[in-house]
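Peer 1: Can you read through this structure? Questions will come right after.
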Amino acid sequence: MELRQTSKHYLMRKNQRSFLVIFGIIIVFITLLFHNSITQQSEQKVLTTTLTELETNNLQLSKLDTITLSLQVAENNFRMYTALWKPEYFVKYTEEIKSISTILATLSVEGNRNISGNIVGDLASKRKQMLLYGAIKKLADSITNINLQLNVDKISSTLLAGKKFPKAAVKKVIEIEEIKAEPNGKKKKFFQRLKSAILNETDPADTAKIRTTETTYEPVENGVEAYNKKQLERITNYYKGLLEDQKKNHVKLTEKEQAILTLNERIFENIKLLFKEYKDNINVSETARKVALKNKAKNSLDNINWSGKLNFVISLLSYLGIIFLLYKLYRAYNRIMKANKLAAEQVVSKSRLFTSISHEMRTPLNAIIGVSEQLKSTPLNEDQKMMSKLLDTSSSMLLSAVNEVLDFSRLETKKLSLAKTPFRYKRVLKEVADTAKVLADQKKLKLELLQDGAPNLLLDGDPYRLKQIIMNLTANAIKFTEKGRVSIQVDVKRTDEKNVLLIVKVIDTGIGISAANIPVIFNEFSQVIDAKRNDWQVGSGLGLTISKKLVDMHKGKIDVESTLRKGTTFTVALPYRIVVDGEENLEQQQEMMINSDRFKNIHILVVDDSEMNLLVIKMIFKKHGISYDAATSAAEALQFINKNKCDMVLTDIQMPEMDGIEFAKIIRANKDHKKAAIPIIALTGEISAGAHDTYFSAGLNDYIIKPFTEIELIEKILDYID
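Each residue of the sequence shown is one higher than the one before, starting from 0 at the first, in numbering that gives the first Met the number 0.
Structure below.
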C-alpha cells in the first residue's frame, strides 16, 4: 500500500514537473516574442535611417558633380583673365573657388572630412600659384611690348646715323583732274530716276571734267647716298615689318586665345546649363522615384509593423489559450490523479477485503479438504465414498471460486507472477479432466481428453496456472452445455530444439456465443445472459477474464470460435521450454521421500488458533508418525520453546494478541542460537507479493498456502528437516 502510494506521489510530482517545464517553455517563447518584436522595431528604425542616409549621400554626390564642373569653369575664367587682363574674369574665378570651398565644407560624411580639407588646402595653394603665374605673364607681356618699341627706334636711329651726301633739286609735276556737276533745267520723273539708279546710268549733261597741272621742286641725294638711303629704308622697313608682324601675330594670338577662351566659356556655360538642366530633370525623376520608393518602403515598414503587432497579439492570445488549456488540463489531470488515487485505494481496499475473505474462507476449506482427504484413506462403503467424493468436489469448486477472486485481485494490483518449475503437462491436463469429470457426470455429459498423440514432454513453467486456465475453460464449457460432449484436444508444436508451443482446444456442443457477444466475453464480471433460459447458470464472471490475463502473462494467445446453438471452441497456445536432464523420475523421488523413515527423530511445534486446522494437521502427523506439540496462541508457543526442544515450528499468521510475524521475530531474537535458528514455516491463507516479502523479512523460512494437501505439507517439512 505504502509503496503504491509512494509511486503515485512520485508520478504526480513527475507530471507536475512536466507541467512546470511546459509552462517554462511557454514563458521562454513569450520572452522570445517580445525580443523579436523589439528587434523588428529596431530594424525598422535602421531601415528608415538608411533611406535618409541614402538621400544625403545622393545629395553629396550631386555636390561633387557641381565641384567638378565649377573647377572647369574657374580654370577657364582664369585663362580668360591671363589672356585679356580683365578684372571681371578674375572676380569670377575667385567666386568659383569660394563656391567650391563652401561646397566642400558642407560635406558631412565623417570619412571624407580629411579629404575635403585637403582639397580646400590645395585650392588655396592653387589660387596663390595662379596669382603668381598671372603676375609673371602680365610682366612678360609688358616686356614684350616695350622691346618691340625699343627695337624699332634703335634700328631707325642706327641706320640714320650713316655718312651724309650732298643733296640735288628734282622737279616733280602733278596733274589733277576734277569733275563738277551742273544742274539741268529739266527734272526726271521718279520711275526714270529709279530705273537709272537700278541700271547705274548717268546723264552726260549733268557732269563736266576740269584738268589742272602743279609743278614742285624737291631736293634729291646724289647716286651713292640715294642708294644707301634707299637700302637703309628698305632694311628698316623690313625689320620694322617683322616686328610689326610679330606684334600683330601676338595680338592675333591673343585674339585667338581670347576667342578660344570665349568659345570655351560659352561651351562651358552651355554644358553647365545642359548639365544643370539634365541634373534637374534627373533630380526631379530621382526625387519622384525616391519618394515613391520611400513611400513604398514606409508602407512595407508599416505593414511589417502591423503584421508584427498582429502576430504578437495572435501569438500572445495563442499562448494565453495554451496556458489556459494547460491549466484546465492540469486541473483535469489532478482530478484524474485524485480519482486514480481513490481507485487505487479502493483496489487496495478491495484486495485487502478479498485477501481477508480468502483467508477466512481458506481456513475452513483447509479443514474440509484435509478431513475429506483423510477420510478417503479410511475404510468406506460405497455411499460414504460417494459422499466423500462429493465433499471433495464441492470443496475444490469452492476453493476454485476463492482462488478466482484472489487471483483477480492480484492481477489487478499486478502482484501475480508465474512460477518456474518442471512439470509434465499431460499429468496436469489429466488432473483437470478428472476434476471436471465430476461436473460433467452431474449433467450427464461426455468429457474426453484427447492427448495420446502428443509427446509426453517435461516442460518448465507454472503447472498450477496451466491447470487454472484449462479448468476455467472446461468448467465454462460444461456450464453452457446441456447435452452432447466436451472435448479437450492437446497438440504440441516445436518452435526450435528447446522450445515448444502447447496448444489446447476446449470444444463443446453447447448453446454457443453470438458474434456480437464474442468481443465482451473476456471483460471483467461479464456474462452472456439468455433471457429465454430459466435455469441460467450464475457465476462470478471472472473465469474467462482471469484465463485471458494468465495467457497474456505467458505471452501466449487465446482465440474463440462459436456458432450460436451449435457450440464453441476455445484455443489456447502457450510457449514453454523443454526440460531435458535430471527430472524424469520426479514422481518416484517424491514417493520415496514421503515413504521414508526420516520423520522418526524430529519434533514439530504447531501453532494455530483454529481447532479445525490443528485437527487436520494432527491427523496427518499421526498417519506419518511425526512427533508434535500444539499451541493455540503465540504466547503459549513461546513458553513451550523456552522450556522444551523442537526441530521445526508450523505457525498460523493471523492470530489474536500476537500474529505469526511478531512471533517469528521474537524467536529469531532468542539468546539461544540453536532455538533462534529453528526453521519456521507459516500456514497462511494470504497470497500476495507483499506478504511474501513480509514473511521472509520477519525471519520465516517458508510458507504454505491454505488449503494445502497432505503431500504439500509433508514435502515442505522434508525440505527443512535436514
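A virtual CB, placed ideally from N, CA and C, is assigned to each residue, including glycine.
Check for me: the alpha helix (DSSP H) holding S561 runs from which residue to which?
Peer 2: For S561, there is no enclosing alpha helix (DSSP H); the enclosing beta strand (DSSP E) has its first and last residue at K556 to T562.
Peer 1: With a cut-off of 8 Å on the beta carbons, I'd call A759 and M657 a contact; round off their distance for me.
Peer 2: What the structure shows of the chain is the stretch from 0 to 721, and residue 759 is not part of that stretch, so it cannot be assessed.
Peer 1: Which residue marks the beginning of the beta strand (DSSP E) containing D701, and which one marks its end?
Peer 2: D701 to I704
Peer 1: Of all the alpha helix (DSSP H) runs that stay within the bounds of the region 351-433, which reach a length of 4 or more residues?
Peer 2: 381-411
Peer 1: What residues are listed by DSSP as bridge partners for H602?
Peer 2: S626
Peer 1: If you drop the 5 nearest sequence neighbours on each side, which residues of the same chain put their C-beta closer than 8 Å to that of I322?
Peer 2: F22 and I25
Peer 1: Decide if Y226 is buried, meaning its Cβ has at least 16 other Cβ atoms within 10 Å, or exposed.
Peer 2: exposed
Peer 1: Taking just the CA atoms, how far does Y694 sit from I625?
Peer 2: 25 Å
Peer 1: Hey, how far is the Cα of T494 from the Cα of G369?
Peer 2: 42 Å
Peer 1: Please state whether DSSP places R484 in a helix, a strand or coil.
Peer 2: In the structure shown, R484 sits in a strand (DSSP, three-state: E or B).
Peer 1: Does DSSP put N455 in a helix, a strand or coil?
Peer 2: coil
Peer 1: Roughly how many whole angstroms lie between the Cα atoms of H34 and W305?
Peer 2: So the two alpha carbons sit approximately 16 Å from each other.
Peer 1: Take the Cβ of E709 as the centre, count every other Cβ of all protein chains shown within 10 Å, and call the residue buried at 16 or more, exposed below.
Peer 2: buried
Peer 1: Give me the Cα-Cα distance between A366 and D651, rounded to the nearest whole angstrom.
Peer 2: 14 Å
Peer 1: Using a Cβ-Cβ cut-off of 8 Å (strictly less than) and excluding sequence neighbours within five positions of T420, which residues of its own chain qualify?
Peer 2: D459, G460, D461 and P462
Peer 1: Helix, strand or coil: which one does DSSP assign to T494?
Peer 2: coil
Peer 1: Suppose contacts are defined by Cβ-Cβ distances below 8 Å. Is A630 in contact with F620 by that definition?
Peer 2: With respect to the 8 Å criterion, A630 and F620 are not classified as neighbours on the basis of their beta carbons.
Peer 1: For T570, which residues does DSSP report across the bridge?
Peer 2: Paired residue(s): K504 and D558.
Peer 1: Could you check what DSSP says for A331 in three-state terms: helix, strand or coil?
Peer 2: Collapsing the DSSP output to three states places A331 in a helix.
Peer 1: Would you tell me roughly how many angstroms separate the C-alpha atoms of N76 and K247, rounded to the nearest one?
Peer 2: 24 Å
Peer 1: Should K548 be flagged as near chain B, meaning a C-beta pair shorter than 8 Å?
Peer 2: Protein chain content of the structure displayed is limited to a single chain, and chain B is not contained in it.
Peer 1: Assign H672 to one of two classes, buried (16 or more other C-beta atoms within 10 Å of its C-beta) or exposed (fewer than that).
Peer 2: Answer is exposed; the Cβ neighbour count stays below 16.
Peer 1: Measure the C-alpha to C-alpha separation of K340 and K554 and round it to an integer number of angstroms.
Peer 2: 29 Å
Peer 1: Does DSSP classify E447 as helix, strand or coil?
Peer 2: Correct three-state label for E447: strand.
Peer 1: Taking all protein chains shown into account, do 16 or more other C-beta atoms lie within 10 angstroms of the C-beta of S284, making it buried, or fewer, making it exposed?
Peer 2: exposed
Peer 1: Work out the CA separation of L699 and D718 for me, nearest whole Å.
Peer 2: 14 Å
Peer 1: Name the two residues that bound the continuous beta strand (DSSP E) containing M647.
Peer 2: Judged by DSSP secondary structure, M647 falls within the beta strand (DSSP E) whose first and last residues are M647 to D651.
Peer 1: Report buried or exposed for Y237, applying the criterion of at least 16 other Cβ atoms within 10 angstroms of its Cβ.
Peer 2: exposed
Peer 1: So, for V578: in the same chain, excluding its five sequence neighbours on each side, which residues have a beta-carbon less than 6 Å away from its beta-carbon?
Peer 2: Answer for V578: P421, L457 and D459, listed in chain order.
Peer 1: Evaluate contact between the region 510-519 and the region 539-548, counting only Cβ atoms and requiring at least three cross-stretch pairs below 8 Å.
Peer 2: no
Peer 1: Hey, G511 and A476 are a contact pair by Cβ (cut 8 Å); roughly how many whole angstroms apart?
Peer 2: G511 to A476, Cβ: 11 Å. No contact.
Peer 1: Under a three-way DSSP split, which group does Y575 fall into?
Peer 2: strand
Peer 1: Identify the residues that DSSP records as bridge partners of G460: which are they?
Peer 2: T420
Peer 1: Mapping DSSP to helix, strand and coil, what is L541?
Peer 2: coil
Peer 1: Exposed or buried, what is K599 when buried is set at 16 or more other beta-carbons lying within 10 Å of its beta-carbon?
Peer 2: exposed
Peer 1: Apart from the five residues on each side of it in sequence, which residues of its chain come closer than 7 Å, Cβ to Cβ, to D490?
Peer 2: A453 and I502
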